[in-house]
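Before any comments, here is the structure.
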Amino acid sequence: MRKHLNIRRSKSVAMLAAILAAATLMGAAPATVEPSSLGWTTPAQHLAHMTLQQRVGQLFMVAAAATGAGQATMNVLHWDHVGNVYLSGRSYAGISATAAVVRQMTSTVSAATTDNEYLSVGTDQEGGYVQVLNGPGFSVIPTALAQGGLSAATLAADAKNWGNQLRWAGVKVGLAPVLDTVTQAFAPYNAPIGYYEREYGYTPQTVSAKGNAFLAGIKAGYVMPTVKHFPGLGRVTGNTDVTANVHDTQTTINDPNLLPFQTAINNGARWVMVSSAYYDLIDSRPGKIAPFSTVVMGTMLRQNARFTGIILSDDLCSAAQLSPWSWAVRAENFVNAGGTMVLCANPNAVPYMYAGVLKLAQERPDFLAKVNAAVLTILTVKHGQ
Numbered sequence: 146m147r148k149h150l151n152i153r154r155s156k157s158v159a160m161l162a163a164i165l166a167a168a169t170l171m172g173a174a175p176a177t178v179e180p181s182s183l184g185w186t187t188p189a190q191h192l193a194h195m196t197l198q199q200r201v202g203q204l205f206m207v208a209a210a211a212t213g214a215g216q217a218t219m220n221v222l223h224w225d226h227v228g229n230v231y232l233s234g235r236s237y238a239g240i241s242a243t244a245a246v247v248r249q250m251t252s253t254v255s256a257a258t259t260d261n262e263y264l265s266v267g268t269d270q271e272g273g274y275v276q277v278l279n280g281p282g283f284s285v286i287p288t289a290l291a292q293g294g295l296s297a298a299t300l301a302a303d304a305k306n307w308g309n310q311l312r313w314a315g316v317k318v319g320l321a322p323v324l325d326t327v328t329q330a331f332a333p334y335n336a337p338i339g340y341y342e343r344e345y346g347y348t349p350q351t352v353s354a355k356g357n358a359f360l361a362g363i364k365a366g367y368v369m370p371t372v373k374h375f376p377g378l379g380r381v382t383g384n385t386d387v388t389a390n391v392h393d394t395q396t397t398i399n400d401p402n403l404l405p406f407q408t409a410i411n412n413g414a415r416w417v418m419v420s421s422a423y424y425d426l427i428d429s430r431p432g433k434i435a436p437f438s439t440v441v442m443g444t445m446l447r448q449n450a451r452f453t454g455i456i457l458s459d460d461l462c463s464a465a466q467l468s469p470w471s472w473a474v475r476a477e478n479f480v481n482a483g484g485t486m487v488l489c490a491n492p493n494a495v496p497y498m499y500a501g502v503l504k505l506a507q508e509r510p511d512f513l514a515k516v517n518a519a520v521l522t523i524l525t526v527k528h529g530q
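Mapped onto the working numbering, the consecutive letters of the sequence shown carry residue numbers 146 to 530.
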């Protein structure tokens, strides 16, 4: 175990965590401290106030079981300063029980862990086969394909309700909508999207119209939507979660299927998840899967699409597509290529990723600059700027 894992927090820090937890239980905002009370009023000032260890922790979104965070998740929230979590698996316990799970994790927020920066909590609540939170208070959400059959106004109204349910449960980030386009003929052979009816339609125009209606509704419900999986998984057969060496051999840098993503960015989306596939016609360099590609994240997202928000990875920890690389290298490559936040389905991998990124930031000024830029983006988006 690393040395810092054996260091006990001071009594004052423990007392602060207890106070924050008690405030949350009484209905206060989940462990959020007003910037002005801490001597900083802007994201840049908060960045300057954070230690490097706390900054690196903001670069991760770790999985927590929706039925209750395990010890591995709680450990990285405490000791690796992780600033973001997502509820995974399935829960049928309802809104109140989910809120209690969230409070368990937000109680870790303190001056020592995240410099009092609030914990972003997300989840996959697309509908159909991908709905993590269920039970009392949560709607049964239809598949995206079924949602696509609704009028845009009806879908936006429904999505606002679904967003409100997440907000009541303490979830701030919705890992939806899916804006991948898959043709009707290919859908049965498209393992990640079409097979599960995660598409809003079979043309980029339909996906753009209906997917962005969902996005507008979620935003109206005071939850930050995440559009995925840029630049699209509608033309692959393999699912990167369970299959390695998944290639898209058709999508180009100016592809018509990018329309739904561009519309979402134009509509104010501040979170975009990149897929983990190879895109042979976009970046053919060896090993340059999308989350390691400056072309995908830099040229396409930052320059062409003019996206200034959080570039979130798909799972970099448990996905078969990432098997050729060590955990540390996965995180280092992602940040080095311009990624903002690493999503990790395996809490036990985070200490290795965290240590690798921290070490590289301490050794290389150019990498440190990328870490600081990513954290500034995260703080800016978290506070609605």
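Quick reminder that beta carbons are idealized off the backbone N, C-alpha and C, glycines included. Here the structure is a predicted model, which is why all the values come from computation and not from measurement.
Inset, instruction - Grab the span of the beta strand (DSSP E) containing L232 for me, first residue to last. - result: Position 87 of the sequence shown, counted from the first residue, corresponds to residue 232. Start and end: 229-233.
Inset, instruction - Select from N402, I240, M195, V277 the residue whose C-alpha is nearest the C-alpha of A208. - result: The count along the sequence shown starts at 1 and reaches residue 208 at position 63. Comparing Cα positions, the closest option is V277.
Legend entry - Y424 versus W185: straight-line alpha-carbon distance, rounded: Counted from its first residue, the sequence shown places residue 424 at position 279. Counted from its first residue, the sequence shown places residue 185 at position 40. Their Cα atoms are separated by approximately 42 Å.
Legend entry - Same chain, Cβ closer than 6 Å to A98, five either side skipped, listed in chain order: What is shown of the chain runs 146 to 530, which leaves residue 98 out entirely.
Inset, instruction - Write down the C-beta distance between M250 and L222 rounded to the nearest angstrom, noting that I regard them as a contact closer than 8 Å. - result: Locating residue 250 in the sequence shown gives position 105, counting from the first residue. Locating residue 222 in the sequence shown gives position 77, counting from the first residue. Between L222 and M250 the Cβ distance is about 6 Å, and since that is below 8 Å, they are a contact.
Inset, instruction - Could you work out which residue in M206, Y263, T258, E262 is closest to D269 when comparing CA atoms only? - result: For this step, residue 269 is matched to residue 124 along the sequence shown. For D269, the nearest C-alpha among the options comes from M206.
Inset, instruction - Would you list the one or two residues that DSSP bridges to D393? - result: As a working mapping, residue 393 is identified with position 248 in the sequence shown. The partner list for D393 (beta bridge, DSSP) reads Y424.
Legend entry - Secondary structure of A256, DSSP reduced to three states: Indexing the sequence shown from 1 puts residue 256 at position 111. Looking at A256 - three-state DSSP - the assignment turns out to be coil, as it is neither helix nor strand.
Legend entry - Whether P431 touches T385 by CB criterion (8 Å): By one-based count along the sequence shown, residue 431 stands at place 286. By one-based count along the sequence shown, residue 385 stands at place 240. Their beta carbons are not under 8 Å apart, which means P431 does not touch T385 by this criterion.
Inset, instruction - Return the CA-CA distance between V372 and V480, expressed in angstroms with no decimal places. - result: Residue numbering aside, residue 372 sits at position 227 when the sequence shown is read from its first letter. Residue numbering aside, residue 480 sits at position 335 when the sequence shown is read from its first letter. Taking the straight line from one Cα to the other gives about 19 Å.
Inset, instruction - Pull up the DSSP beta-bridge partners for C489, would you. - result: The sequence position of residue 489 within the sequence shown is 344, counting from 1. Beta-bridge annotation (DSSP): C489 is paired with V207.
Inset, instruction - May I ask which residues mark the beginning and end of the alpha helix (DSSP H) holding I363? - result: Taking the first residue of the sequence shown as position 1, residue 363 is located at position 218. Run containing I363: 349-365, per the alpha helix (DSSP H) assignment.
Inset, instruction - Leaving aside the five residues before and after I455 along the sequence, list all residues of the same chain whose C-beta is less than 7 Å from its C-beta, in chain order. - result: Within the sequence shown, numbered from 1, the residue matching residue 455 stands at position 310. Non-local beta-carbon contacts of I455 in its own chain, meaning distances under 7 Å to residues more than five positions away in sequence, involve R415, W416, T485, M486, T522, I523, V526 in chain order.
Legend entry - Selection from T397, N390, R447 that minimises the alpha carbon distance to I410: Along the sequence shown, read from residue 1 onward, the residue named residue 410 stands at position 265. It is R447 whose Cα lies nearest to the Cα of I410.
Inset, instruction - With DSSP collapsed to three states, give me the class of A173. - result: Here residue 173 is taken as the residue at index 28 of the sequence shown, counted from 1. Summary for A173: the model assigns pLDDT 31, below 50, so the residue's position carries little reliability; its value from the coordinates is reported in the next sentence. Coil at A173, not helix or strand.
Legend entry - Extent of the continuous beta strand (DSSP E) to which V266 belongs: Here residue 266 refers to the residue found at position 121 of the sequence shown. Looking at the DSSP string, the run of the beta strand (DSSP E) that includes V266 is 265-268.
Inset, instruction - Taking all protein chains shown into account, decide if S458 is buried (16 or more other Cβ within 10 angstroms of its Cβ) or exposed. - result: By 1-based counting over the sequence shown, the position of residue 458 is 313. The residue in question, S458, is buried, as its Cβ has 16 or more Cβ neighbours within 10 Å.
Inset, instruction - Excluding the 5 residues preceding and the 5 following I434 in the sequence, name in chain order all residues of the same chain whose CB lies nearer than 6 Å to its CB. - result: One-based indexing of the sequence shown puts residue 434 at position 289. These residues qualify, in order along the chain: S421, Y423.
Inset, instruction - Would you mind working out which of G339, P287, A506 sits nearest G273, comparing C-alpha positions? - result: Residue numbering aside, residue 273 sits at position 128 when the sequence shown is read from its first letter. Looking at the Cα atoms, P287 is the closest of the given residues.
Inset, instruction - Just confirm the distance between the C-beta atoms of E342 and L290, as a whole number of angstroms; I'd bet it's less than 8 Å. - result: Sequence index remark: in the sequence shown, residue 342 carries index 197 (1-based). Sequence index remark: in the sequence shown, residue 290 carries index 145 (1-based). Between L290 and E342 the Cβ distance is about 4 Å, and since that is below 8 Å, they are a contact.
Inset, instruction - With DSSP collapsed to three states, give me the class of H194. - result: For the purposes of this step, residue 194 is taken as residue 49 along the sequence shown, with counting starting at 1. In this structure, H194 counts as helix in the three-state DSSP scheme.
Legend entry - Cα-Cα separation between R200 and G356, rounded to whole angstroms: For the purposes of this step, residue 200 is identified with residue 55 of the sequence shown, where counting begins at 1. For the purposes of this step, residue 356 is identified with residue 211 of the sequence shown, where counting begins at 1. Cα to Cα, the separation comes out at about 33 Å.
Legend entry - Same chain, Cβ closer than 8 Å to N412, five either side skipped, listed in chain order: Working through the sequence shown from its first residue, we reach residue 412 at position 267. Cβ neighbours of N412 beyond the five flanking positions: N357, L360, A361.
Legend entry - Cβ pair count under 8 Å reaching 3, the region 226-235 against the region 209-216: yes
Inset, instruction - Ignore the nearest five residues each way along the sequence and tell me which others in T408's own chain have a CB closer than 6 Å to its CB. - result: Looking up residue 408 in the sequence shown gives position 263. Once the five neighbours on either side are set aside, the close Cβ partners of T408 are S353, N357.
Inset, instruction - Name the one or two DSSP bridge partners that M369 has. - result: Here residue 369 refers to the residue found at position 224 of the sequence shown. Secondary-structure assignment with DSSP links M369 through a beta bridge to V318.
Legend entry - Sub-8 Å separation of D225 and V520 beta-carbons: As a position in the sequence shown, residue 225 is number 80, starting the count at 1. As a position in the sequence shown, residue 520 is number 375, starting the count at 1. Not in contact: D225 and V520 (Cβ atoms no closer than 8 Å).
Inset, instruction - Pull up the distance between the alpha-carbon of G228 and that of C462, whole angstroms please. - result: Residue 228 sits at position 83 when you count from the first residue of the sequence shown. Residue 462 sits at position 317 when you count from the first residue of the sequence shown. Going from the Cα of G228 to the Cα of C462 covers about 17 Å.
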